[in-house]
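Input: a single structure, listed below in structure tokens.
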Amino acid sequence: MAEQRVIVIGAGIGGLAAAAELAARGLHVTVVEAQATPGGKLREVPVGGGLRVDGGPTVFTMRWVFEALFEALGTSLEAELELRPATILARHAWDEARLDLFADIDRSADAIGDFAGAEDAKGYRRLCADSQRMFQILDQSFMQAAAPSMQGLIGGVGIGGVFGLRHIRPFTTLWRALGDYFADQRLRQLFARYATYCGSSPFQAPATLMLVTHVEQAGVWLLDGGMHSLARTLEAIARRHGAQFRYQAEAAEILVEASRIAGVRLASGERLAGDAVIANTDTAALATGRLGAAVTKAVPRIAPAKRSLSAVTFAMAAEVRGFPLVHHNVFFSRDYPGEFQDIHEHGRLPQDPTVYVCAQDRGDDDTVPPAGTERIFALINAPASGDSRPLTADAIEACTGKLHAVLCRSGLTLEAAPESLTLTTPTDFDRLFPATGGALYGPASHGWQASFQRPGVKTKLAGLYLAGGSVHPGPGIPMATLSGRLAAASLLADLGRRP
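Per the working numbering, residue 21 is the first one in the sequence shown, and the count goes up by one each step.
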């Protein structure tokens, strides 16, 4: 079996998970990555003075996904990484008003009661219970299923079949469903934001995404060394098992001979022979021919209008004054419907954006902030039109001004020297992740059918498998990790090996 050669295109978290598992099972694995480091969207960004800031996903949840992966690799999460549980899940601000959510449900309910009243505190407890039930229904029947289907989902609902679908509310939008729990529109806005975790609008995404409430309530963790350390660690484990990594080695074509995978041609012209390929790229790169004409039919083509959100991000070393930041902070728009109308209907940056701020050097204790400059990552949602409508210098300047205006309303000031600020636009993301327009989550999860329209990890082309946030089970670090494990399991099954 050692002679079986697998090429993984892309060292994102899905590709890393697949590469590590396959190498641990004795296959010959080569990972080719266009960038100079592993991680894909789980990247680090230089901000001057030797400092680097997490420039992608910043929230570590679903710890059990990584515990299972590391156990399968012959080690443990605790042996490889240092993690601390977050007491405060996130701090939320609406101008001068402020609300913390805690890892402890009772503390969060008390805080919500003080913020919005006893009825909304009860609504929060009902939301926690309902979102836990949603997660339990969908975990095995959908998220960890290699080939999800409506039939399998209905089976997962249990007694009641189709009628049991009411428990996961696929036909109601998230925004509308949250009105059943909260009278205070700010709370509705807070929990509606979970739709953006998969790059979607809460006004179009299904209420099923309420399950994110349970995912965060089950634990948010802070990684010593930042989120990028997860990618570095998985790379190191894969290497220990014999996987080879080729950086700054862009894949130009997936080679097909006699209707099955034959290897990969690099942009340099070098050809790598392989019996199977795991494409840890956005599926748009395959569908649009970026990886050769022979694989364009392996996945459906996604219309630009169905893309998920992009973003404008600001990574900086900054002086922080005013607002008491914790690790995760959200500063909300005054016009939430208008924010998503701007993005999805008008194709422009929001006039009044919601701003996410990760204070990477802070934990839960906001009483003693770090001295001097801090590593800060800030994000504004944006349309995924980086390939067709690049932002002008004036638009970028206006966007920067809006970010600071929103933060200023809550008393937060960030000051960073120009050389200590790295700004990334949808066009930059499109260059990093070709054929996406800068979309960071694959297709948007709009409508009840969207999740079933994502490609599975196994294609109809013999030897070609998929991993990453644009395929099942969806975007986010835990989900992309699951996709890599599902791709590896599918490949092993096709080789007659038990995963």
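Glycine residues also receive a C-beta, built at the ideal position from the N, C-alpha and C atoms.
Tell me whether the beta-carbon of residue 299 lies closer than 8 Å to the beta-carbon of residue 49. For the purposes of this step, residue 299 is identified with residue 279 of the sequence shown, where counting begins at 1. For the purposes of this step, residue 49 is identified with residue 29 of the sequence shown, where counting begins at 1. In this structure, residue 49 does not lie closer than 8 Å to residue 299 by Cβ.
What would DSSP say about residue 336, mapped onto helix, strand or coil? Taking the sequence shown and counting its residues from 1, one reaches residue 336 at position 316. Three-state result, residue 336: strand.
At a cut of 8 Å, does the stretch 336-347 reach the stretch 367-374 through at least three beta carbon pairs? no
Return the residue from the list 114, 513, 52, 384 that minimises the CA-CA distance to residue 123. Working through the sequence shown from its first residue, we reach residue 123 at position 103. Comparing Cα-Cα distances from residue 123 to each of 114, 513, 52, 384, the minimum goes to 384.
Please go through the same chain and pick out, in chain order, the residues whose beta-carbon is closer than 7 Å to the beta-carbon of residue 306, but skip the five residues on each side of it. Here residue 306 is taken as the residue at index 286 of the sequence shown, counted from 1. The residues are 299, 315, 316, 318, 319.
Across the stretch 464-478 and the stretch 124-143, are there enough close Cβ pairs to call them in contact, namely three or more that are closer than 8 Å? no
Round the Cβ separation of residue 281 and residue 294 to the nearest angstrom and send it over; I've been treating them as touching at under 8 Å. Taking the sequence shown and counting its residues from 1, the one referred to as residue 281 is at position 261. Taking the sequence shown and counting its residues from 1, the one referred to as residue 294 is at position 274. Confirmed, about 6 Å.
Residues near residue 85 by beta carbon distance below 8 Å, same chain, minus five either side: Stepping through the sequence shown from its first residue, residue 85 is reached at position 65. Excluding positions up to five away in sequence, the list reads 498, 501, 502.
Residues of its chain near residue 460, where Cβ-Cβ distance is below 7 Å and the 5 sequence neighbours each way are ignored: For the purposes of this step, residue 460 is identified with residue 440 of the sequence shown, where counting begins at 1. 61, 219, 328, 329, 330, 331, 449.
Measure the alpha-carbon distance for residue 403 versus residue 81 and round it to whole angstroms. Taking the first residue of the sequence shown as 1, we reach residue 403 at position 383. Taking the first residue of the sequence shown as 1, we reach residue 81 at position 61. In a straight line, the C-alpha of residue 403 is about 26 Å away from that of residue 81.
Reduced DSSP category for residue 70 - H, G, I as helix; E, B as strand; rest coil: Taking the first residue of the sequence shown as 1, we reach residue 70 at position 50. In this structure, residue 70 counts as coil in the three-state DSSP scheme.
Based on Cα-Cα distance, which residue from 127, 272, 490 lies nearest to residue 312? Start at 1 with the first residue of the sequence shown, and residue 312 comes out as number 292. When only C-alpha atoms are compared, the closest one is 272.
Would DSSP call residue 424 helix, strand or coil? Sequence index remark: in the sequence shown, residue 424 carries index 404 (1-based). Three-state DSSP puts residue 424 in a helix.
What do you get for residue 191, buried or exposed, if any count of 16 or more other CB atoms within 10 angstroms of its CB means buried? Start at 1 with the first residue of the sequence shown, and residue 191 comes out as number 171. So residue 191 ends up on the exposed side.
Exposed or buried, which one is residue 357 when buried takes at least 16 other CB atoms within 10 Å? Your numbering for residue 357 matches position 337 in the sequence shown. By the neighbour-count rule (16 or more Cβ atoms within 10 Å), residue 357 is not buried but exposed.
Residue 181 to residue 212, Cα distance in whole Å? Translated into positions along the sequence shown, residue 181 becomes position 161. Translated into positions along the sequence shown, residue 212 becomes position 192. Reliability fails at residue 181, whose pLDDT of 44 lies under 50, so the model's placement of it is uncertain and the value that follows must be treated cautiously. Cα-Cα distance, rounded: 27 Å.
CA nearest to the CA of residue 463, picked from 287, 444, 221: Position 443 of the sequence shown, counted from the first residue, corresponds to residue 463. The option with the nearest alpha carbon to residue 463 is 221.
Measure the Cβ-Cβ separation of residue 377 and residue 391 and say whether it is below 8 Å. The residue given as residue 377 occupies position 357 in the sequence shown. The residue given as residue 391 occupies position 371 in the sequence shown. No, these two residues do not count as a Cβ contact at 8 Å.
For residue 83, which of 75, 97, 93, 92 has the nearest alpha-carbon? Against the sequence shown, residue 83 aligns to sequence position 63. Closest by alpha carbon: 97.
Beta-carbon proximity list for residue 233, same chain, < 8 Å, skipping 5 on both sides: Residue 233 sits at position 213 when you count from the first residue of the sequence shown. Contacts found: 147, 148, 151, 211, 214.
Provide the residue span of the beta strand (DSSP E) that contains residue 264, from first to last. Position 244 of the sequence shown, counting from 1, holds the residue named residue 264. That run of the beta strand (DSSP E) goes 264-267.
Between residue 196 and residue 444, what straight-line distance do the alpha-carbon atoms span, to the nearest angstrom? If you number the sequence shown from 1, residue 196 lands on position 176. If you number the sequence shown from 1, residue 444 lands on position 424. Cα-Cα distance, rounded: 33 Å.
Give me the Cα-Cα distance between residue 423 and residue 230, rounded to the nearest whole angstrom. Numbered from its first residue, the sequence shown carries residue 423 at position 403. Numbered from its first residue, the sequence shown carries residue 230 at position 210. One C-alpha to the other measures close to 27 Å.
Considering Cα atoms alone, identify which of 203, 113, 472, 276 is closest to residue 428. As a first step, residue 428 is located in the sequence shown; it is residue number 408 there, counting from the start. That would be 113, whose Cα lies nearest to the Cα of residue 428.
Measure the alpha-carbon distance for residue 34 versus residue 517 and round it to whole angstroms. Residue 34 sits at position 14 when you count from the first residue of the sequence shown. Residue 517 sits at position 497 when you count from the first residue of the sequence shown. Going by the C-alpha atoms only, they are around 20 Å apart.
Within the same chain, show all residues whose beta-carbon is closer than 6 Å to that of residue 143, passing over the 5 residues directly before and after it, in chain order. Taking the sequence shown and counting its residues from 1, the one referred to as residue 143 is at position 123. Here the set comprises 201, 202.
Taking the alpha-carbon positions, what's the residue 513 to residue 269 distance? Counted from its first residue, the sequence shown places residue 513 at position 493. Counted from its first residue, the sequence shown places residue 269 at position 249. One C-alpha to the other measures close to 29 Å.
Count the other C-beta atoms from every protein chain shown that fall within 10 angstroms of the C-beta of residue 244, then say buried if there are 16 or more, exposed otherwise. Looking up residue 244 in the sequence shown gives position 224. So residue 244 counts as exposed.
Where does residue 522 fall in DSSP's three states? As displayed, the chain neither begins before 21 nor continues past 519, which places residue 522 out of reach and without an answer.
Going by DSSP, what residues sit across from residue 26 in a beta bridge? Here residue 26 corresponds to residue number 6 of the sequence shown, with the count starting at 1. 49, 296, per the DSSP bridge assignment.
Euclidean distance between Cα positions of residue 261 and residue 26: The residue you call residue 261 lines up with position 241 of the sequence shown. The residue you call residue 26 lines up with position 6 of the sequence shown. So the alpha carbons of these two residues sit roughly 14 Å apart.
Does the Cβ of residue 189 have 16 or more other Cβ atoms within 10 Å, making it buried, or fewer, making it exposed? Position 169 of the sequence shown, counted from the first residue, corresponds to residue 189. Under this definition residue 189 is a buried residue.
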